[in-house]
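Using this note's numbering, read the sequence shown as starting at -19 and increasing by one per residue.
We put the beta carbon where it would ideally sit given N, CA and C, even for glycine.
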Amino acid sequence: MKHIIQFSITRENGTYTADGVNIPIVTEGKTFEELESNINEAVGLYFEGEDPSSLGFI
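So, in structure tokens, the structure goes:
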């Protein structure tokens, strides 16, 4: 079974926070665009040197 990386996103006090639902990643940004960039960077770092598909992610 393949999994999609999912995040729960909240906004509090002007800061967006993304908390990974099925991976242990948490990141934040002042704008949604900054949050999106930070999520991409954090996921890249999390899987650095790994093949996500071999871990069941697509």
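Would you kindly report the start and end of the unbroken alpha helix (DSSP H) that includes residue i?
i, result
"residue 34", "Per DSSP, residue 34 belongs to no alpha helix (DSSP H) and is neither H nor E."
Who are residue i's beta bridge partners in DSSP?
i, result
"residue -4", "-9 and 9"
Express the C-alpha separation of residue j and residue i in angstroms, rounding to a whole number.
i, j, result
"residue 37", "residue 30", "11 Å"
"residue 19", "residue -17", "17 Å"
"residue 13", "residue 7", "13 Å"
"residue -14", "residue 5", "10 Å"
"residue -11", "residue 28", "23 Å"
"residue 10", "residue -2", "12 Å"
"residue -4", "residue 16", "10 Å"
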